[in-house]
Structures are given as C-alpha cells and as structure tokens.
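Sequence positions in the sequence shown follow mature numbering (1 follows the signal peptide of the UniProt record, and there is no 0) and run -44 to -1, 1 to 304. First up is the structure itself, then whatever we jot down about it.
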Amino acid sequence: MFRLRGTTPAARTVFSRVRVQRAARGVALAALAAALTAAALATADNARGDDDPDRTVVRTDQGAVRGTVSDRARIFQGIPYAAPPVGDRRWRAPEPAPGWDGTRDARKPGPRCPQPLDGLLAGDEDCLYLDVTTPPHVTVGADKPVVVWLHGEEPPHRGRPPHRTGDPVDATALAEREDAVVVTVHHRLGAFGHLAHPAFGDSGNFALADQQAALHWVKRNARAFGGDPDRMTLTGAPSARASVCAQLRSPDAAHLFDHTEVPSGACSVGERRRGLPRALREGREFAARAGCVERDTGRAAACLRRLSTAAVAAASGPDERYGPVYGTRPLPAPATGGGPPGGAVSPG
C-alpha cells in the first residue's frame, strides 16, 4: 500500500520559509501595483487640469456653464442675468434671460455696455452679463461670503476716452484676499441706463433695475458656485457710489444683500441727487436732439426705441450727468437732502 512519507522538522522549516518569502513577494507586488495605479490616477488628474468637470462646470438655474480653473481662481465669464435690452426691450425693465441646453462656454467675457461720451461709442447693447470668480478649490457647498461689484460709470466730459466705466477690479485678487465668491456686474450706462421720458412712465432707473436683476440672480445661484446667498456684500468702483447708495435707499432692493461697502465715503457726503423733474427735462431735450418730438407718448417711445445705438450716442449731450432718478417708485426718496440711507440695509 502506497502512502506519503512524513516530512522531517528541518524540511518543514524550509517549506515555511519559502511560503513566507512568497507571501512577502506577493504583498510587495500588490503594494507596487497599488502605487503605480495611484500615480497613474494622479497623473491623469493633473493632465485634466482645467478640464476637470467637478471644478470647471457649474449648473445655474438657466443651464450649465463651463469656466476656467487656474492655481489662483475659478473664473466664469459672460453669464447672462437678463434678456438683451435691445429693440422693444430698450428703456424697459430687464426681463429674465432665457435658459439653454447643454453647457454654455463661460471662458470669455461678454460684451460691455455702450456708454456715449462726446458722441463717441464703444460696446454693445446686448450687455447684461456678469462674471463669477472664486478661489480655486471653492465649489458647491463651501458657503463662502459673496461680494457683488458694480463697475460704475464716469460722467462724460470733453476729452475723456469713450466707454470709461469706472475703475476696473482685479476679481481674482479680491477673491483671494477676501476668500470669497466675487461677482462683477455689467449694466446699462449713460442714456441707455438712465434716460427719463414721459413715454416711459416712471422711468430713468433702468440701470438700477439691471443691478437688482443681477442681485436676484446671485441670490438664486450663489450656492452653485460655493457662495452663501445670506452673506452678500454690495460694493463697487468709486464711480459706482451713486448706484450703491441708490440700492441702499430702494425698497425694491430690500433683502437682496446684507452689507455694503460704499465706495469713496458715506452716501450723504457731497452727494448730488438727480430728481425726476430735471431728469424728464433732460429726456425731452434728448428726444428733440434725436428727432423724436411726438405728442403721443406711444409714438415717441416707438421712435426712441427705433434709434440706432450710434444715434443714441449722438443725441446724448456732451455734458449730461446721468444717474439714478429720485422721486420715482424705485427711489421714492426726495432729490434734495442727504441723511442716512433708508432702504435695504445699513452700510457696514
């Protein structure tokens, strides 16, 4: 009868050492494979860089947008917050921007709003866009504070280059310094944003309405970019002081932001408010220069809205100082007198 012989103790020791060595080699190979896999994944992640959809694509309530990512910031540009104010929408309150299918390219800035200066013009009336800049690793759920920056506008003077819209802001540096989501807003300027005329009813505050439409957009979409809609600060360029102060006083801006940083000092210091009677007088003069003198307000409005962008620039007086119009429904405060702001929130 055939049977296996038993092994000696020495043989069993040799076999044990072999098994241990084989097991050790197996563990080492598994560790090496895991390390190579991790390195390959890291290399792939680094190679993706700006194409990483978790950081470059954000879904807004209108649709998805694709921005850019660097080691300093995530940047999304040219996002529409209202419909283009062109044609019959000129000198009307902004309307909601339409949504879109797929992913919108947000890697380039949108058109800047035209500003007539000395009869010269730059920009495009299709200009109600905003840009969003965040620190590089801030994504949905981060709940960072939000800074909304208004670019402002300079009153026209002879000899100044056209389309000067106040001091530009380095949104990347601001987002880094404040560890915040920064939203820069482009709104109608000059006569496009502030023209008052009997044909437009309680008018002259289209730029103010643009800014409020943008603030509503930020409230709805801040979290998608990693911001906290309950911690919004409104500020802007020095030439945006009139806009920031008007928003503080406007009942329509109530609850749209929580803090302000008023550019160039307090609202009541050296302020010159523009009242409705003066604004309407300037609007009639504008219409006369444009050749739109009509007794019927409907015909006057149609004539003014048919003007080309260049014709609006030409009809703008060389020394007009456009701005928010007080004594109106959006700004019921009187045009005279200073005093503390009486609108949305207190500055701070």
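Ideal Cβ positions, reconstructed from N, Cα and C, are used throughout, including at glycine.
Short Cβ contact (9 Å threshold) for residue i with residue j
i           : j    : result
residue 305 : E51  : Coverage of the chain is limited to positions -44 through 304, which leaves residue 305 absent and any answer about it impossible.
S66         : Y85  : According to the sequence displayed, residue 66 carries Gly and not Ser. Yes.
H172        : T189 : no
P194        : P219 : yes
L287        : R234 : no
E134        : A196 : no
R48         : L260 : no
A256        : A266 : no
Neighbourhood of residue i by C-beta distance below 7 Å, restricted to the same chain and skipping five residues each side
i    : result
F32  : V14, V21, G23, A62, D87, V88
P290 : Y282, G283
V42  : E81, D82
A180 : V14, R15, T16, V96
D158 : T284, R285
A130 : In the sequence on display, residue 130 carries Leu and not Ala. Excluding sequence neighbours, L130 sits near V103, V138.
A246 : L260, L263, A267, A271
Closest by C-alpha distance to residue i, when choosing among the options
i    : options                : result
D44  : A198, A271, G273, S264 : S264
A29  : D80, T128, A269, T191  : T128
P124 : A178, L151, R176, R68  : R68
A78  : P286, A270, R285       : A270
A155 : V174, G19, C248, A196  : C248
V138 : D158, K175, S224, P40  : K175
R187 : D27, A180, A136        : A136
D126 : P70, G192, R262        : G192
S272 : V25, A258, C223, A152  : A152
V200 : R11, G157, G221        : G221
A202 : L130, R285, G157       : R285
A38  : D10, H143, H93         : H143
G183 : A258, H93, C223        : H93
Whole-Å CB distance - residue i paired with residue j, under 8 Å assumed
i    : j    : result
P280 : A170 : The pair is not a contact, with the Cβ atoms about 15 Å apart (cut-off 8 Å).
V141 : Q168 : The Cβ separation is near 10 Å, so there is no contact.
Beta-carbon contacts of residue i that lie in its chain and below 6 Å, excluding the five residues immediately before and after
i      : result
P36    : A53, Y85
A178   : V102, P185
R(-26) : Low confidence applies here, because R(-26) scores a pLDDT of 43, under 50, leaving its location unreliable and the question unanswered by this model.
P40    : D82
V225   : none
Own chain residues within Cβ distance below 8 Å of residue i, not counting five before or after
i    : result
T292 : R229, G231
G19  : G55, W56, D57, G58, T59, R60
K64  : Q33, G34
D10  : T95
T12  : D6, R22, G23, T24, V25, R30
D27  : P92
With three or more C-beta pairs closer than 8 Å as the rule, is the segment 203 to 217 touching the segment 78 to 97? no
Sufficient close CB pairs (3 or more, under 8 Å) joining the segment 101 to 108 to the segment 235 to 242: no
>> Assess contact between the segment 127 to 147 and the segment 212 to 232, defined as three or more Cβ pairs (one per stretch) separated by less than 8 Å. Is contact present?
In response: no
| request: Inspect the CB distances between the segment 241 to 258 and the segment 161 to 171 and report whether three or more fall short of 8 Å. | output: no
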